[in-house]
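Each position in the sequence shown, counted from 1, maps to that position plus 11 in this note's numbering. Okay, so here's the structure we're looking at.
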Amino acid sequence: MTAQSLTARLRPYIPALEWIPNYQRSWLRGDVIAGITTATLLVPQAMSYALLGGLPPYIGLYASVLPMIIYAFFGTSRQLAVGPVALVALLVASGIGLMAPVGSERYIELTILLSLLVGGVFLVMGIFRLGFLTNFLSHPVISGFTSAAALIIAVSQISNLLGLSLPRSENIAETLWHAADQWQQIHLPTLVIGAASLFLLIALKRLNKALPAAMMTVAVTTIAVWALRLDQAGVAVVGSVPAGLPALSAPAFTLADAMELLPMAIAIALIGFMESIAVARKYASERHYEINPNQELIGLGLANLVGAFSRAMPVAGGFGRTAVNANAGANTGLAPVITASLIAIALAFLTPLFYFLPKAALAAVIMVAVAGLIDLHEVKHLWKVKRSDLGLLLFTFAATLALGAKDGLFLAVGASMLWFVIKTTRPHYAVLGKLPGTEAYRNIERHPQAQIEPGILAIRFDAQFYYGNVSFLKDTIRRVEQRLNAPLRAVVLDACSINQLDSSADTALHDLLRDYRERDIELFIAHVKGPVKDVMDRSGFSETLGDDHFFLETEPAMAAARAWVQRNETDVATS
Numbered sequence: 012m013t014a015q016s017l018t019a020r021l022r023p024y025i026p027a028l029e030w031i032p033n034y035q036r037s038w039l040r041g042d043v044i045a046g047i048t049t050a051t052l053l054v055p056q057a058m059s060y061a062l063l064g065g066l067p068p069y070i071g072l073y074a075s076v077l078p079m080i081i082y083a084f085f086g087t088s089r090q091l092a093v094g095p096v097a098l099v100a101l102l103v104a105s106g107i108g109l110m111a112p113v114g115s116e117r118y119i120e121l122t123i124l125l126s127l128l129v130g131g132v133f134l135v136m137g138i139f140r141l142g143f144l145t146n147f148l149s150h151p152v153i154s155g156f157t158s159a160a161a162l163i164i165a166v167s168q169i170s171n172l173l174g175l176s177l178p179r180s181e182n183i184a185e186t187l188w189h190a191a192d193q194w195q196q197i198h199l200p201t202l203v204i205g206a207a208s209l210f211l212l213i214a215l216k217r218l219n220k221a222l223p224a225a226m227m228t229v230a231v232t233t234i235a236v237w238a239l240r241l242d243q244a245g246v247a248v249v250g251s252v253p254a255g256l257p258a259l260s261a262p263a264f265t266l267a268d269a270m271e272l273l274p275m276a277i278a279i280a281l282i283g284f285m286e287s288i289a290v291a292r293k294y295a296s297e298r299h300y301e302i303n304p305n306q307e308l309i310g311l312g313l314a315n316l317v318g319a320f321s322r323a324m325p326v327a328g329g330f331g332r333t334a335v336n337a338n339a340g341a342n343t344g345l346a347p348v349i350t351a352s353l354i355a356i357a358l359a360f361l362t363p364l365f366y367f368l369p370k371a372a373l374a375a376v377i378m379v380a381v382a383g384l385i386d387l388h389e390v391k392h393l394w395k396v397k398r399s400d401l402g403l404l405l406f407t408f409a410a411t412l413a414l415g416a417k418d419g420l421f422l423a424v425g426a427s428m429l430w431f432v433i434k435t436t437r438p439h440y441a442v443l444g445k446l447p448g449t450e451a452y453r454n455i456e457r458h459p460q461a462q463i464e465p466g467i468l469a470i471r472f473d474a475q476f477y478y479g480n481v482s483f484l485k486d487t488i489r490r491v492e493q494r495l496n497a498p499l500r501a502v503v504l505d506a507c508s509i510n511q512l513d514s515s516a517d518t519a520l521h522d523l524l525r526d527y528r529e530r531d532i533e534l535f536i537a538h539v540k541g542p543v544k545d546v547m548d549r550s551g552f553s554e555t556l557g558d559d560h561f562f563l564e565t566e567p568a569m570a571a572a573r574a575w576v577q578r579n580e581t582d583v584a585t586s
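Structure (structure tokens):
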């Protein structure tokens, strides 16, 4: 087997084989600049998100080396920057905080186990092509959850920003109450560092978005703490960071711990994949190439699995980090490899510089980063477009604030599923009338001039016809029938929007037809789609109804219904 044929066989499984053999010199400058730029953002960001997750800051750096390199080879996005993300860090703290003291060795071991489980969930989803499952998580629900989680994250950093010792809680009101109760204990030097960090981060971003604001802020505050010996004045610092990367080792765990963490791993995988695929598709669309969602799951799965062997927290693609990587000129997966290499170098040689890094500065980095997750634009958009979806967003937002991130996420998933069921079990329908002077039939509620023909009901259902909405559709027809001014003699079903018919719905059609014929009412169907007609043919419904009762357009079906009504009236008159 030649090298070319081997590469061709491996290419679907290792997407990096698409760009490595075809790498162009013109891409190198963009990849190098993007790799360096992203590293300057990721070092403080990764440490901040580890702190948010209740972990030592260096765990975030571990999660930014091997996982990023693995994804670069196995993922299909050329710009996605994989590493720690705020939402995942919050969920880590929410789930594992109930099982072990924050920051303890057991807490760290459980986090590493969670990375292993998240990787396994990603891989299973990818192997069985289950990426479509995230389609059931509606955007309003995710927006509501994300906005609430961002507020929880921001408020959770008040203790680090003010130098207070507050009990760890996801209840915003409780945290604010404790902070207000301890206002006299606010540590002034810590407050100054925190406020200065917030000011620098915001000012530098407004001055020039291309500036590495997080790295510059961390550098300035670290130098200030070192020069003024503020650590001796009580300012909390990162402290000693182990030099180098940890030796690769299999996570130690028990089956009981794995089973307890599995629901959280599934939740993190769903949220992580949604965030990753959304940003990956955005930049793939801008640069005119395709993303393979199932291969993305494989790439993220392997990144988390390898991360677990290198003592990393769970990782996913990040919005802000990927934007920086893409805008800095990333063309291929070489950019994240450069980023990861620089972080590995920092871990090997620069860890003494992290000692005086103030936790208040990391808290400020977190607060500014998550501010962009609060989606006010979506609230305004839904207010104009669909207020029922806005209600769902606000419900999820309020529930997440009240229950916390973990329970809020499960409620968000449940709300999405319930909303999907409600929409499909109670679909939109329209009673149709003929527009004067045309052969067009339209919804009489939207077109008051549309005319209903006496004795004939023309109706359209805008959904698949399946077991979940069978009862609703049958009840709807009965309710509409009762509102008609004249006795019903014929029904024309416009099936243009019915793209699927299951066995329960087919049985319901048989029952409906039998009921109609017992009452001397005839049924005609227009615009039936091929797959739906196939089911009707196989079940015998087409034969029972009669092929002459199926029509390609609505007007011929109405003409047949008129003829039936006229014949029926003539027969009644002569009998």
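For each residue, glycine too, the CB sits at the ideal point set by N, CA and C.
Buried/exposed call for residue i, threshold 16 Cβ in 10 Å
i	result
residue 430	buried
residue 279	buried
residue 342	buried
residue 187	exposed
residue 59	buried
residue 154	buried
residue 208	buried
residue 146	exposed
residue 325	buried
residue 395	exposed
residue 234	exposed
residue 332	buried
residue 488	buried
residue 444	buried
residue 297	exposed
residue 210	exposed
residue 575	buried
residue 36	exposed
residue 344	buried
residue 139	exposed
residue 126	buried
residue 143	exposed
Sheet register partners of residue i (DSSP bridge)
i	result
residue 462	445
residue 561	536
residue 22	According to DSSP, which records beta bridges pairwise, residue 22 is partnered with nothing at all.
residue 512	476
residue 505	471 and 537
residue 93	328
residue 248	369
residue 73	In the DSSP output, where bridge partners are listed per residue, residue 73 has none listed.
residue 440	472
Distance CB(residue i)-CB(residue j) smaller than 8 angstroms
i	j	result
residue 242	residue 367	yes
residue 476	residue 512	yes
residue 123	residue 262	yes
residue 457	residue 446	no
residue 360	residue 249	no
residue 158	residue 427	no
residue 96	residue 82	no
residue 519	residue 481	yes
residue 152	residue 403	yes
residue 385	residue 206	no
residue 51	residue 226	yes
Range covered by the alpha helix (DSSP H) that runs through residue i
i	result
residue 533	Run containing residue 533: none in the alpha helix (DSSP H); it sits in the beta strand (DSSP E), 533 to 537.
residue 322	Neither: residue 322 is in no alpha helix (DSSP H) and is coded neither H nor E.
residue 192	183 to 192
residue 338	330 to 338
residue 36	36 to 63
residue 274	266 to 297
residue 405	398 to 414
residue 118	116 to 138
residue 29	27 to 30
Extent of the continuous beta strand (DSSP E) run through residue i
i	result
residue 640	An answer regarding residue 640 cannot be provided, because it is not within the stretch 12 to 586 covered by the chain.
residue 258	Neither: residue 258 is in no beta strand (DSSP E) and is coded neither H nor E.
residue 219	Here residue 219 belongs to no beta strand (DSSP E), and DSSP marks it neither H nor E.
residue 454	452 to 454
Contact with chain D by residue i, beta-carbon distance below 8 angstroms
i	result
residue 86	Here chain D cannot be found, since the structure has a single protein chain.
### Query
At a cut of 8 angstroms, does the stretch 205 to 220 reach the stretch 374 to 391 through at least three beta carbon pairs?
yes
### Task
Decide yes or no for the touch test of the stretch 524 to 538 against the stretch 493 to 503: beta carbon pairs closer than 8 angstroms, at least 3 of them.
In short, these stretches touch, since the Cβ pair count reaches three.
### Query
Between the stretch 418 to 430 and the stretch 451 to 463, are three or more C-beta pairs nearer than 8 angstroms?
no
#### Entry: At least three beta-carbon pairs within less than 8 angstroms, the stretch 87 to 98 to the stretch 286 to 302
yes
### Query
Touch check for the stretch 351 to 367 and the stretch 238 to 258: three-plus C-beta pairs under 8 angstroms?
yes
### Meets three-Cβ-pair contact criterion under 8 angstroms: the stretch 45 to 63 and the stretch 98 to 105
yes
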